[in-house]
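Asks: Take 2 as the starting number for the sequence shown in this note's numbering and just add one per residue. The beta-carbon is built from N, C-alpha and C at its ideal position, and this holds for glycine as well. The structure under discussion is supplied below as structure tokens; questions concerning it will follow.
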Amino acid sequence: MIDKKTIIKNIPNAINSISFPKLGKRNSGKVRDWFVRDNLRILIATDRISAFDKVLGTIPFRGAVLNKLSCYWFEKTRDIVSNHMIGIIDPNIMLVSECQALPLEVVVRGYITGVTDTSLWRKYSEGQRIIYGIKFPDGLKKNQKLKTPVITPTTRATGPGGHDEPITAQEIIRQKLVPAKIYKQIERVALKLFERGTKICQKGGFILADTKYEFGLDRNGRLVLIDEVHTPDSSRLWRKITYIDRFKKGEEVENYDKEVMRIWFKEHGYSGKGKIPQMPKELIAEIASRYIEVYVKITGEKFEIDLTIPPKQRILENLSKLI
Numbered sequence: 002m003i004d005k006k007t008i009i010k011n012i013p014n015a016i017n018s019i020s021f022p023k024l025g026k027r028n029s030g031k032v033r034d035w036f037v038r039d040n041l042r043i044l045i046a047t048d049r050i051s052a053f054d055k056v057l058g059t060i061p062f063r064g065a066v067l068n069k070l071s072c073y074w075f076e077k078t079r080d081i082v083s084n085h086m087i088g089i090i091d092p093n094i095m096l097v098s099e100c101q102a103l104p105l106e107v108v109v110r111g112y113i114t115g116v117t118d119t120s121l122w123r124k125y126s127e128g129q130r131i132i133y134g135i136k137f138p139d140g141l142k143k144n145q146k147l148k149t150p151v152i153t154p155t156t157r158a159t160g161p162g163g164h165d166e167p168i169t170a171q172e173i174i175r176q177k178l179v180p181a182k183i184y185k186q187i188e189r190v191a192l193k194l195f196e197r198g199t200k201i202c203q204k205g206g207f208i209l210a211d212t213k214y215e216f217g218l219d220r221n222g223r224l225v226l227i228d229e230v231h232t233p234d235s236s237r238l239w240r241k242i243t244y245i246d247r248f249k250k251g252e253e254v255e256n257y258d259k260e261v262m263r264i265w266f267k268e269h270g271y272s273g274k275g276k277i278p279q280m281p282k283e284l285i286a287e288i289a290s291r292y293i294e295v296y297v298k299i300t301g302e303k304f305e306i307d308l309t310i311p312p313k314q315r316i317l318e319n320l321s322k323l324i
């Protein structure tokens with residue numbers, strides 16, 4: 002596995018953005034850049050990392066982990082729901098079919114946790130007991146397992162400055178964001194995906210505390226899973242072996258996801274407003290190392306990437322093959 006010394010050495014090589022005029026206009030989200038050709042979307046997972054609806058820096062190898070891990074999960078969940086993936090042509094590049102993205106994100110939560118504005122624990126700790134239209138009992142503690150997983154949808158932010166806004170299932174249907182029949186299907190599929198993800202993550206030594214799914218409709222109007230699946234970006238992943246002891250002591254769980262970064266920024270007085278603190282190289286190395294470890298332990302595969310060529314050069318060379 003790539004060690005922290007190698008990660009720190011590669012901080013200057015972290016991929017912030019990719020331009021390739023021969024493929025046309027570059028589109029950008031918080032993490033991914035993409036190009037569209039006919040019915041094909043070329044997704045590039047950069048090393049940008051975001052939280053609090055802001056891009057906060059770059060983490061080397063992160064984009065490759067997200068891309069390769071999503072590929073793994075798309076294959077593992079095809080029997081539950083179709084997805085938009087065609088294949089990957091580079092550790093950072095995924096080819097997908099163009100779909101009509103639905104204007105919501107579906108978060109399935111098995112535990113009450115989180116420090117962001119949309120998280121359950123943040124709202125619960127402020128005194129709310131009806132959250133996302135769901136009633137929660139008094140006496141819950143941070144990081145406590147819920148009796149059954151709950152679905153907490155949000156609107157889907159668009160662009161680097163967009164914000165996810167909490168919404169209930171009833172509001173989704175009333176506002177006609179998604180047809181009622183499709184939304185009921187989304188809820189069923191999301192719970193099945195979460196169940197599958199939970200089992201596979203446990204085998205790798207992790208608890209899938211919560212995760213976000215995005216869906217779209219293909220050209221025939223069929224529901225498809227899009228974006229990414231069960232990654233450290235879209236999920237909260239905890240080290241399983243230490244969870245019970247840490248929870249009983251009231252200590253923070255061992256996070257193997259963006260929560261490591263979120264907590265650091267909160268501790269340094271940043272939660273989305275004001276000047277963005279610069280992440281120290283040690284934090285960057287720790288985040289990258291944990292992302293890589295998640296990939297290795299969940300997939301059972303080595304994290305292989307060519308270190309003899311700068312990643313941006315490698316990506317551009319592979320993009321040129323699509324012309």
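Within its chain, find whatever has a CB closer than 8 angstroms to the CB of Lys298; leave out the 5 residues flanking it on each side and keep chain order.
Replies: Translated into positions along the sequence shown, residue 298 becomes position 297. For Lys298, where only same-chain residues beyond five positions count, the Cβ hits under 8 angstroms are Gly205, Gly206, Phe207.
Asks: Comparing alpha-carbon positions, which option in Glu172, Arg110, Thr155, Pro167 lies nearest Gln145?
Replies: Walking along the sequence shown from the start, residue 145 turns up at place 144. It is Arg110.
Asks: Within the same chain, show all residues whose beta-carbon is closer than 6 angstroms to that of Glu84, passing over the 5 residues directly before and after it, in chain order.
Replies: Here residue 84 corresponds to residue number 83 of the sequence shown, with the count starting at 1. Checking the sequence shown, residue 84 turns out to be Asn, not Glu. For Asn84, where only same-chain residues beyond five positions count, the Cβ hits under 6 angstroms are Phe75, Val225, Leu226.
Asks: Going by C-alpha distance, which of Pro233, Thr114, Gly217 is nearest Pro150?
Replies: Mapped onto the sequence shown, residue 150 falls at position 149. When each option's Cα is compared against that of Pro150, the closest is Thr114.
Asks: For Glu106, which residues does DSSP report across the bridge?
Replies: On the sequence shown, position 105 is the one that residue 106 refers to. Paired residue(s): Thr155, Glu215.
Asks: Is DSSP giving Asp246 helix, strand or coil here?
Replies: Within the sequence shown, numbered from 1, the residue matching residue 246 stands at position 245. DSSP places Asp246 in helix when its eight states are reduced to three.
Asks: Leaving out five residues on either side along the sequence, give the residues of the same chain with a beta carbon under 7 angstroms from the beta carbon of Ile173.
Replies: Numbered from 1 along the sequence shown, position 172 holds the residue referred to as residue 173. The residues are Leu105, Pro154, Val179, Tyr184.
Asks: Contact between the stretch 209 to 222 and the stretch 236 to 248 is defined here as three or more beta-carbon pairs at a separation below 8 angstroms; is this criterion met?
Replies: The stretch 209 to 222 vs the stretch 236 to 248: in contact.
Asks: Find the nearest neighbour of Asn17 within the set Glu166, Val56, Lys10, Tyr257, judged by alpha-carbon distance.
Replies: The residue you call residue 17 lines up with position 16 of the sequence shown. The candidate whose alpha carbon is nearest that of Asn17 is Val56.
Asks: For a minimum of 4 consecutive residues, which ranges assigned as the alpha helix (DSSP H) are wholly contained in the stretch 279 to 310?
Replies: Listed in chain order, they are 282 to 300.
Asks: I think His269 touches Pro278, with their Cβ atoms under 8 angstroms apart; what is that distance to the nearest whole Å?
Replies: As a first step, residue 269 must be located in the sequence shown, where it is residue number 268. As a first step, residue 278 must be located in the sequence shown, where it is residue number 277. Contact flag correct, Cβ pair sits at about 5 angstroms.
Asks: Since Arg263 contacts Val254 with CB under 8 angstroms, what's their CB separation in whole angstroms?
Replies: Start at 1 with the first residue of the sequence shown, and residue 263 comes out as number 262. Start at 1 with the first residue of the sequence shown, and residue 254 comes out as number 253. The Cβ separation is near 13 angstroms, so there is no contact.
Asks: Looking at C-alpha atoms only, which residue of Ile187, Phe21, Glu287, Gly88 is the closest neighbour of Ile81?
Replies: As a first step, residue 81 is located in the sequence shown; it is residue number 80 there, counting from the start. Considering only alpha carbons, the answer is Ile187.
Asks: So for Ser71, helix, strand or coil by DSSP?
Replies: Mapped onto the sequence shown, residue 71 falls at position 70. The answer is helix: DSSP assigns Ser71 an H, G or I state.
Asks: Between the stretch 47 to 63 and the stretch 9 to 25, do three or more beta carbon pairs fall short of 8 angstroms?
Replies: The stretch 47 to 63, when compared against the stretch 9 to 25, does touch it at the 8 angstroms Cβ threshold.
Asks: Express the C-alpha separation of Arg130 and Asn28 in angstroms, rounding to a whole number.
Replies: Residue mapping note: residue 28 aligns to position 27 of the sequence shown, counting from 1. Residue mapping note: residue 130 aligns to position 129 of the sequence shown, counting from 1. Their Cα atoms are separated by approximately 40 angstroms.
Asks: In three-state DSSP terms, what is Val254?
Replies: Here residue 254 is taken as the residue at index 253 of the sequence shown, counted from 1. Three-state result, Val254: coil.
Asks: Nearest to Ser71 by alpha carbon, out of Pro92, Gln101, Lys23, Ile3?
Replies: Here residue 71 refers to the residue found at position 70 of the sequence shown. Answer by Cα proximity: Pro92.
Asks: Of the choices Arg175, Lys142, Ser272, whose alpha-carbon is the least far from that of Ile245?
Replies: Here the question's residue 245 lines up with position 244 in the sequence shown. Cα-wise, what sits closest to Ile245 is Lys142.
Asks: If you compare alpha carbons, which of Pro167, Gly140, Pro138 is closest to Ile152?
Replies: One-based indexing of the sequence shown puts residue 152 at position 151. The option with the nearest alpha carbon to Ile152 is Pro167.
Asks: Can you check DSSP and say which residues form a bridge with Arg237?
Replies: Translated into positions along the sequence shown, residue 237 becomes position 236. Paired residue(s): Asp211.
Asks: The beta strand (DSSP E) with Ile94 in it runs from where to where?
Replies: Sequence index remark: in the sequence shown, residue 94 carries index 93 (1-based). It spans 94 to 98 - the beta strand (DSSP E) in which Ile94 sits, taken as one unbroken run.
Asks: Short of 6 angstroms in beta carbon distance, which residues of its chain neighbour Pro22, apart from the five on each side in sequence? Order them along the chain.
Replies: Translated into the one-based positions of the sequence shown, residue 22 becomes position 21. Same-chain partners within the cutoff: there are none.
Asks: Which stretch, first to last residue, makes up the alpha helix (DSSP H) that contains Phe266?
Replies: Position 265 of the sequence shown, counting from 1, holds the residue named residue 266. Segment 260 to 268, the alpha helix (DSSP H) holding Phe266.
Asks: What is the DSSP secondary structure of Gly88, reduced to helix, strand or coil?
Replies: Taking the first residue of the sequence shown as 1, we reach residue 88 at position 87. Three-state DSSP puts Gly88 in a strand.
Asks: Note down the Cα distance separating Arg175 from Ser321, rounded to an integer number of angstroms.
Replies: Indexing the sequence shown from 1 puts residue 175 at position 174. Indexing the sequence shown from 1 puts residue 321 at position 320. If I take the Cα positions, the gap works out to 46 angstroms.
Asks: So Arg175 is in the alpha helix (DSSP H); what residue range does that whole segment cover?
Replies: On the sequence shown, position 174 is the one that residue 175 refers to. It spans 170 to 175 - the alpha helix (DSSP H) in which Arg175 sits, taken as one unbroken run.
Asks: From Ile285 to Gln101, what distance separates their C-alpha atoms?
Replies: The sequence position of residue 285 within the sequence shown is 284, counting from 1. The sequence position of residue 101 within the sequence shown is 100, counting from 1. Taking the straight line from one Cα to the other gives about 35 angstroms.
Asks: Tell me the residue span of the alpha helix (DSSP H) that contains Ala181.
Replies: Mapped onto the sequence shown, residue 181 falls at position 180. Taken as a continuous stretch (DSSP letters only), the alpha helix (DSSP H) holding Ala181 covers 181 to 204.
Asks: Applying the criterion that 16 or more other CB atoms from any shown protein chain within 10 Å of the CB defines a buried residue, is Asn221 buried or exposed?
Replies: Stepping through the sequence shown from its first residue, residue 221 is reached at position 220. Flag for Asn221 reads exposed.
Asks: How many Å lie between Ile8 and Asp139 at the Cα?
Replies: Within the sequence shown, the letter at position 7 stands for residue 8. Within the sequence shown, the letter at position 138 stands for residue 139. Cα to Cα, Ile8 sits roughly 44 angstroms from Asp139.
Asks: Between Asn68, Ile310, Lys249, Val230, which has its C-alpha nearest Lys193's C-alpha?
Replies: Walking along the sequence shown from the start, residue 193 turns up at place 192. For Lys193, the nearest C-alpha among the options comes from Val230.
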